[in-house]
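Data first, discussion second: the structure below is written as structure tokens.
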Amino acid sequence: MLGLIYFITVNNLRSYFGRKDLLFYFIGLLSLLFLLFKGLYPQIEKYPVWFLAFVIEIFRIHQRRKDFFIIRRLYFSILFCEYIIYSIPILILYAISDQWEYILILLFFILTIILLPRYRGNVVKYPFFVFSPFWTIFFRKNKLFLLYPISVFLIIKGFTINNIGLVYFSLALFFFGVYNILTQRELKYHICISVYKGEKYLLKQLKNTLANSIIVFSPLIMLIMFYDIVQIWIFFPILFLLLEVNLIKYAFFENDIHQVLVFIFCLVLFPFLLPLVAFPYLYYLSVKNIKLFQDVKTGY
Amino acid sequence: MLKLVIEKKYYRKNKVLESIDFEISSNGIYGVIGKNGAGKTTLFQCIASQTPYSGYIHLNDKPIDKDAVGWCPTNPFVYDYLTSVEFKSFFAKLYGLKKVNNDLFDLPKNQLIKEFSTGMKKKAYLNALLQKKYSIYLFDEVFNGLDIESVFTFEKIIRKLGESNIVFVSSHILPPLFKICKNIFLIEDSNIKKFKKNEFDQIESFFDKY
Numbered sequence: 002m003l004g005l006i007y008f009i010t011v012n013n014l015r016s017y018f019g020r021k022d023l024l025f026y027f028i029g030l031l032s033l034l035f036l037l038f039k040g041l042y043p044q045i046e047k048y049p050v051w052f053l054a055f056v057i058e059i060f061r062i063h064q065r066r067k068d069f070f071i072i073r074r075l076y077f078s079i080l081f082c083e084y085i086i087y088s089i090p091i092l093i094l095y096a097i098s099d100q101w102e103y104i105l106i107l108l109f110f111i112l113t114i115i116l117l118p119r120y121r122g123n124v125v126k127y128p129f130f131v132f133s134p135f136w137t138i139f140f141r142k143n144k145l146f147l148l149y150p151i152s153v154f155l156i157i158k159g160f161t162i163n164n165i166g167l168v169y170f171s172l173a174l175f176f177f178g179v180y181n182i183l184t185q186r187e188l189k190y191h192i193c194i195s196v197y198k199g200e201k202y203l204l205k206q207l208k209n210t211l212a213n214s215i216i217v218f219s220p221l222i223m224l225i226m227f228y229d230i231v232q233i234w235i236f237f238p239i240l241f242l243l244l245e246v247n248l249i250k251y252a253f254f255e256n257d258i259h260q261v262l263v264f265i266f267c268l269v270l271f272p273f274l275l276p277l278v279a280f281p282y283l284y285y286l287s288v289k290n291i292k293l294f295q296d297v298k299t300g301y
Numbered sequence: 066m067l068k069l070v071i072e073k074k075y076y077r078k079n080k081v082l083e084s085i086d087f088e089i090s091s092n093g094i095y096g097v098i099g100k101n102g103a104g105k106t107t108l109f110q111c112i113a114s115q116t117p118y119s120g121y122i123h124l125n126d127k128p129i130d131k132d133a134v135g136w137c138p139t140n141p142f143v144y145d146y147l148t149s150v151e152f153k154s155f156f157a158k159l160y161g162l163k164k165v166n167n168d169l170f171d172l173p174k175n176q177l178i179k180e181f182s183t184g185m186k187k188k189a190y191l192n193a194l195l196q197k198k199y200s201i202y203l204f205d206e207v208f209n210g211l212d213i214e215s216v217f218t219f220e221k222i223i224r225k226l227g228e229s230n231i232v233f234v235s236s237h238i239l240p241p242l243f244k245i246c247k248n249i250f251l252i253e254d255s256n257i258k259k260f261k262k263n264e265f266d267q268i269e270s271f272f273d274k275y
């Protein structure tokens, strides 16, 4: 195992250091020691928390790993040793400044990163309806679940300090996360082979959007209901706008710019009920486009 | 039975298929061969109603219904961030199927498709596609990327399907086609030439001229 750790560490550091370049190693070591003891050491007693930011670098390395399947059997030990090796400079600084509690916190963060479910081979399952697969794909790919703690924090803070703007901001954050999901285009082939034709396909998609949006927003709805039940009115325009985004995608399937422009137009003119007025026309355009994809006309 | 007439098929100004006219009167496995870019995939796209063309394709004297055709392209249309189980379930929803059938190929259930090899991606697609029954099956270079065991398994599946359906298989590897096909169609210079089982030896001599 030690050999494996050595090769993995050397392989990862090789992008920074040349092979058998002793002069470079020497200069590198001197620079590191200078940075540690002259640059960082005087600061660690004043700002010990900031040095924990090194965890972000570990997280970055962890995210970029592609050797997970090679080291599957010794996964935990190898990663733990490797990340400790990377953290040695920071650990030394904490040790010599007698800040043992921060060493424990750093180790805790490293353990948390290693034990993140994705890298244990467990793919996170999401409870979304899969007729539109992008909900699962987008949450999984962009880790949108990380928005929850931020939004929950903002909502609680907003109600605590009586600033409703913070609550709306947190909902807007989620809205734009979901907006990106709804603008993802499925392959035309998948639209084409569906047994649901034209309007039925669109209705199925809209139902799917509504159901998945409710799933996504339900923790926030419950939290807001807990503080102020009157404020849940905000979810109705949000859900309506999300359905509208879904329609805009199919109405202007090939053209991203048109999609964005129409959406901005709807958003800006929301107080004048433009999205409501435009809904039937967008619905008509969407059905027309879906039918067009599904009926490949004979011609050449 | 299947009657196929493609008068012309162009991509912009490039002629791909012209004056294709053939009939298939009985179920079975039919091979499609040709050089890269000869038009094998385009022929399959026409049969699967995935591209416009001039002409007609009739199945049992009626215009072909795209729902009656199952097409497995060379590079299957899969989503990388789904598992094979989720992808199969997505296809079941597209097909409006309530019951999900057993998998033809065993695949890791808790792994994303993006981590799959080419062959595994193809297996994931075939598991999803073959949940439904079709009258015509199109397998485009289906043996590419499959391991030896899967090739044998898939040969068995194709033989079984060929008993009660029309199955087209395109490939650049001739021996498996010689083994399983009733007839082989060679696409060359936008046209098609049919070889019966007893004429298969002529195919190799046909390519000898290159």
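Chains A and B are the protein sequences, given in the same order.
Sequential numbering from 2 applies to the first sequence in the working numbering.
Sequential numbering from 66 applies to the second sequence in the working numbering.
In this text, a Cβ means the ideal position worked out from N, Cα and C, and glycines have one as well.
Remember, predicted model here, so these are calculated numbers, not experimental data.
Check, Outcome
"Does the distance from the C-beta atom of Lys119 (chain B) to that of Lys73 (chain B) stay below 8 Å?", "The question names Lys, but residue 119 (chain B) is Ser in the sequence shown. The answer is yes: Cβ separation under 8 Å."
"Please name the residue or residues paired with Trp136 (chain B) in a DSSP beta bridge.", "B:Leu203"
"Using a Cβ-based criterion (distance less than 7 Å to any ligand heavy atom), does Phe160 (chain A) qualify as near the ligand FMN?", "Within the structure as shown, the ligand FMN is missing, as the structure has no ligands at all."
"Does any residue of chain A bring its CB to less than 8 Å from the CB of Thr148 (chain B)?", "yes"
"Please tell me whether Ile94 (chain B) and Leu169 (chain B) are closer than 8 Å, where the distance is taken between their beta carbons.", "no"
"Return yes when the Cβ of Leu283 (chain A) is within less than 8 Å of the Cβ of Ala252 (chain A), no when it is not.", "yes"
"How about Leu191 (chain B): is its C-beta nearer than 8 Å to some C-beta of chain A?", "no"
"When the Cα atoms are used, what is the spatial distance from Ile165 (chain A) to Pro220 (chain A)?", "18 Å"
"Considering only DSSP beta bridges, list what Phe250 (chain B) is partnered with.", "B:Val97, B:Lys259"
"What do you get for Ser270 (chain B), buried or exposed, if any count of 16 or more other CB atoms within 10 angstroms of its CB means buried?", "exposed"
"According to DSSP, Leu71 (chain B) sits in a beta bridge with which residue or residues?", "Correcting the residue type first, residue 71 (chain B) is Ile in the shown sequence and not Leu. DSSP output for Ile71 (chain B) lists B:Ile85, B:Gly120 as bridge partner(s)."
"Three or more C-beta pairs under 8 Å: does that hold for the segment 164-182 of chain B against the segment 232-241 of chain B?", "no"
"If you pair each beta-carbon of the segment 286-298 of chain A with each one of the segment 186-197 of chain A, do three or more pairs fall below 8 Å?", "yes"
"Counting along the chain, where does the beta strand (DSSP E) carrying Val143 (chain B) start and finish?", "Premise fails: Val143 (chain B) is in no beta strand (DSSP E) and is neither H nor E."
"Based on Cα-Cα distance, which residue from A:Met226, A:Lys142, A:Phe110, A:Asn213 lies nearest to Val153 (chain A)?", "A:Met226"
"Listed in chain order, which residues of the segment 153-173 of chain B have Cβ atoms closer than 7 Å to some Cβ of chain A?", "Ser154, Phe155, Lys158, Leu159, Tyr160, Gly161"
"Decide if Ile148 (chain B) is buried, meaning its Cβ has at least 16 other Cβ atoms within 10 Å, or exposed.", "In the sequence as presented, Ile is not what sits at residue 148 (chain B); that position holds Thr. Under this definition Thr148 (chain B) is a buried residue."
"Counting along the chain, where does the alpha helix (DSSP H) carrying Phe132 (chain A) start and finish?", "Run containing Phe132 (chain A): none; DSSP gives neither H nor E here."
"Which chain B residues sit within Cβ distance under 7 Å of Leu188 (chain A)?", "Phe142"
"What did DSSP end up calling Lys164 (chain B) once you bin it into helix, strand or coil?", "coil"
"Any idea which residues DSSP pairs Thr148 (chain B) with across the strands?", "B:Leu177"
"Does any residue of chain A have a CB that is nearer than 8 Å to the CB of Glu214 (chain B)?", "no"
"If we count Cβ pairs, one from each stretch, closer than 8 Å, do we get three or more for the segment 165-179 of chain A versus the segment 121-138 of chain B?", "no"
"Near Lys131 (chain B), which residues of its chain fall below 6 Å by C-beta distance, leaving aside the five closest residues on each side in sequence?", "Ser114"
"Would you mind telling me which residues of chain B sit closer than 8 Å to Thr137 (chain A), beta carbon to beta carbon, in chain order?", "Tyr146, Leu147, Glu151"
"Which of helix, strand or coil does DSSP assign to Pro128 (chain A)?", "coil"
"Grouping DSSP H, G and I as helix and E and B as strand, with all else coil, what is Lys78 (chain B)?", "coil"
"For a cutoff of 8 Å on Cβ pairs, would you count Tyr251 (chain A) as touching chain B?", "no"
"Which value, in whole angstroms, describes the spacing of the CA atoms of Phe315 (chain A) and Pro272 (chain A)?", "Residue coverage of chain A in this structure runs from 2 to 301, which leaves residue 315 (chain A) outside it and unanswerable."
"Counting only C-beta atoms, is Leu67 (chain B) closer than 8 Å to chain A at any point?", "no"
"Is there a C-beta anywhere in chain B that falls below 8 Å from the one on Pro134 (chain A)?", "yes"
"So, using beta-carbon positions, are Ile62 (chain A) and Tyr144 (chain B) closer together than 8 Å?", "no"
"Starting from the beta carbon of Lys198 (chain B), find every residue of chain E whose beta carbon is closer than 8 Å, and list them in chain order.", "Absent from the structure is chain E; the protein chains it does hold are A and B."
"For Asp132 (chain B), would you say it is in contact with chain A, using Cβ-to-Cβ distances shorter than 8 Å as the test?", "yes"
"Within the continuous alpha helix (DSSP H) that includes Phe227 (chain A), where are the two ends?", "200-228"
"Would you report the Cα separation of Trp136 (chain A) and Asp86 (chain B), rounded to the nearest angstrom?", "45 Å"
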